[in-house]
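Written out below as structure tokens is the structure these notes cover.
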Amino acid sequence: MRKYAMALSVWMAGAAVLQAQNFVEKLTNASNVRMTVTNVGTFGNAFRGYKDGTGNPSGEYPAGSGTEHLFESGIWIGGIDGSGTVRVSTSAYDAPQGYAPGRGGFEFTNTAGGMQEISSLRDNPNFRPEAISHQDFKSTFTDANLLVPGTSIPISGHTTPMGLEVTMETYNWNYRFSDFFVIANLTIKNVGLETYDDLHIALWANTVVRNINATPAGAGGAVFYSQGGNGYLDSLHMAYCYDATGDVGLTDSYIGQKFLGAEDKNGFKHPDITPGFKDHYNAWIFNNSGQALFFFPTSDPQRYVKMTEGLNQNPCWDDPQGVDCQNGVGMNIQGLLNASGNRSDLVSVGPFSAFAPGDEITLAFAFVMGKKVDDGQPNSANTAAQKARFISNAEWAQVAYNGEDINFNGLLDEGEDRDGNGKITRFILPSPPDAPRIRAVPGDHRIDLFWSRNAEESVDPITQKKDFEGYRVYLSRLGFDVEGAQNVSEDFVRAAEYDVPGNGLFYETGLADIALPEPLYFAGDTTAYHYHYALEGLPNGWQHAVAVTAFDQGNPDTQLESLESSFLANDVRAFAGTPANPSMKNYPPFVYPNPYYAGAAWEGQSNFQEESRKLVFANLPADCRITITSPAGDVMDQFEHHADYQGGDIRWFQTFAGESAADRVFSGGEHAWDLLTDQSQILARGLYFYAVQDLQTGELFTGQFTVLK
């Protein structure tokens, strides 16, 4: 108890410091990426390491899968001042415990403003016309403070700030062709007195790809983090990481940090089109300064060297057997990076010259995720075929950044100014119709779907015309939730499609078969539901993901195919089952599966296996108490059931049933139990009795079930 109290006091002290300096972290949730973003310029949370009670993912993809990709990340800015001294300011670097106020390397602070969240979605409560994406985060921070604001805590090693103010905006969209990246758009202003030459700006990251549902974060110590392979794609200006030898089979995905473009007082800058402007890639063993080449830089001069002398410019990068390499470091750099390890990496760009007081530089990076293409080779092979989808995703991130700059020359050419504002507008993506608002109502062996018609009013941002075409209904394949890492966007199967008749497009089915005669309203819900579709013949007790999308007509003039709204914009986890029971005499409660054999098919595998069992009580009254006893009459467990049950009382739903209890819907008359006693002991095999008491009428029912292990 004393140890717990001490830990609690340390946590409370840390939380007080965070509050004093106005520390805010938010989680991206418009896309299929769940990434923590803070208002001090860091990304990720050291695998839930911030101890602030949120329990948010750090860099999870796909959402709800438990597959983390990012331990922590931040920006580095370095240049040479008027006296010839190198100065570097960093928002994050190698720290085994992640961010903490005053910890070395975390040199940017936030003194006011917190973090703004806005959305371009009109039905989002954070809607603002000026929003760029479906979820924008915006914050401003500075390296000017030597002490953590609001405290007397010095920032370790931070004695010569550069005098920088950074406004950071992050963007993410729910479109199916863009729900795999998060963009960080930075505006860096010189608010100090120094002019800097040879300025370079970098994105540092410690990327670690592991599935924490299968292997708890940090299990086995440093070995947990040392299973990743790394690399750099020069043509895309993107560093990347993948799980080479860790949770293989559950972590078949990549994460990349990609440079998109920059602009300063001298114009647009990118390595592909700007002479002398380069990208530099570096990597090193995490928090290890003892390596000859892959060493962690511990001083400003060392960090600046890492920012300006990339491994990708080393003769050994492309030709490890060549004379120049053998006369130099003599290493197969790319081969060493591809081997399992725990590395930090750095994508740096520059130089920016004469960065004077009052000047601003705007540049953007993207965190890109992508599922591996299975080519029959192990993850460690890291083949071109395996990276194909990941590379395509990175190209979409570049398309988003380019916006009106179609030919990517940094100039507004004839025909590119779509919005007529006389300048390049970036961060534009083609837009499908708005996602319908849906409601799922589970019943006995069925799920009824209802949805609104808001998508029919969507206006194409390019043609400025309403181009809605139809709806598609999706149902997940059975067992999607317990077979490997979840990726619900790939597990959906189309159940039905309906489109507007009379225009010669698609199937010409019309919408009459799904249209309700009158709009339907549900208690406590102001949405008018105009359409209905029934998914029938479903097994009770299993989790079903359901979604309704809207698609448009496409645009032959621009050769743009029909676009469809995202599954993730409205997907619901629904459990078919018996409804709330009005009479246990007429409809006796029962248990399934009965007998229960250890490892029911719907349970899946996790590192919390004994906490992830699932036995279902069915035909329950809307409000009742369930008591489970041994043949000797000993109470094993007792709990209440209510019709608004969301599965929050057992571990299985936390592990396998999406991100939030609010996304789950049940039939009202079923309740799952984890086969653990009220003392969290594992239930032995044998015969057990249960009693169900209706809390409204007092009616009592008794039954029995058998556990076989």
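Residue numbers -2 to 706, in this note's numbering, belong to the letters of the sequence shown in order.
Every residue gets a Cβ at the ideal spot worked out from N, C-alpha and C, and that includes glycine.
On a predicted model such as this, the values are computed, not experimentally measured, just so you know.
The residues R84, E191 and Y193, in chain order, have a CB closer than 7 Å to that of D78 in the same chain once the five nearest residues on each side in sequence are set aside. The beta carbon of Y584 sits closer than 7 Å to those of N578 and N616, all from its chain and outside the five residues before and after it, given in chain order.
According to the DSSP secondary-structure assignment, W448 is paired through a beta bridge with I435 and Y528. Of the residues assessed, G325 falls on the exposed side of the cut-off, its CB having fewer than 16 other CB atoms within 10 angstroms. Separation of F293 and A280 (C-alpha to C-alpha, rounded to the nearest whole angstrom) is 9 Å. Taking C-beta atoms as the reference points, V485 and L446 fail to come closer than 8 Å.
R45 and A214 do touch by the CB rule: their CB atoms are close to 7 Å apart, below 8 Å. The criterion of a C-beta distance shorter than 8 Å is not satisfied by F103 and N36.
In the DSSP annotation of this structure, the continuous segment of the alpha helix (DSSP H) that includes M304 starts and ends at D297 to T305. Nearest neighbour of V344 by Cα position, chosen from K303, D356 and K369, turns out to be K303. Counted as a single uninterrupted DSSP element, the beta strand (DSSP E) harbouring A361 occupies residues E357 to K368. In the three-state reduction of the DSSP assignment, S486 falls in the helix class.
The residues A658 and R661, in chain order, have a CB closer than 6 Å to that of Q643 in the same chain once the five nearest residues on each side in sequence are set aside.
Apart from sequence neighbours up to five positions away, the residues of its chain that approach P59 with a beta-carbon distance below 6 Å are N29 and N484, ordered along the chain. Taking a C-beta distance under 8 Å as the contact criterion, A397 and L426 qualify as a contact pair. Segment contact: the stretch 346 to 363 against the stretch 388 to 403, three or more CB-CB distances shorter than 8 Å; contact assigned.
Shown here, D660 sits in a helix according to DSSP, grouped into three states. The C-beta distance from F68 to N284 rounds to 11 Å, too long to meet the 8 Å contact threshold. Here the alpha carbon of A109 sits roughly 14 Å from the alpha carbon of G38. For A542, the closest C-alpha among the options D431, V490, A128 and G75 is that of V490. Its Cα nearest to that of D91, the residue I72 stands out among L233, I72, T82 and G243. Counting C-beta pairs with one atom in each stretch, the stretch 120 to 132 and the stretch 147 to 157 have fewer than three that are closer than 8 Å, which means they do not touch. Less than 8 Å separates the beta-carbon of V479 from that of G601. Going by DSSP, A669 is part of the beta strand (DSSP E) stretching over H668 to W670.
Between the alpha carbons of V206 and Q701 lies a gap of roughly 45 Å. In the structure shown, V245 adopts coil according to DSSP, grouped into three states. A straight-line Cα-Cα distance of about 33 Å links G111 and P430.
Fully contained in the stretch 551 to 596 are the following beta strand (DSSP E) runs of length 3 or more, in chain order: 569 to 572 and 587 to 589.
For Q323, the three-state secondary structure derived from DSSP is helix. Nearest Cα to S337 within the set G327, A378 and P348: A378. Along the stretch 377 to 446, the beta strand (DSSP E) occurs as fully enclosed runs of 3 or more residues at 435 to 440, listed in sequence order. Annotation for Y471: the continuous beta strand (DSSP E) segment containing it runs F465 to S473. Distance from D549 to D464 at the Cβ level is roughly 4 Å; contact confirmed, criterion being Cβ atoms closer than 8 Å. Secondary structure note for N335: it is in no beta strand (DSSP E), and the uninterrupted alpha helix (DSSP H) holding it is I330 to N335.
Look at the stretch 31 to 114 and you find these whole runs of beta strand (DSSP E), each 3 residues long or longer: 31 to 35, 64 to 77 and 83 to 87. In the displayed model, S345 falls within a strand according to three-state DSSP.
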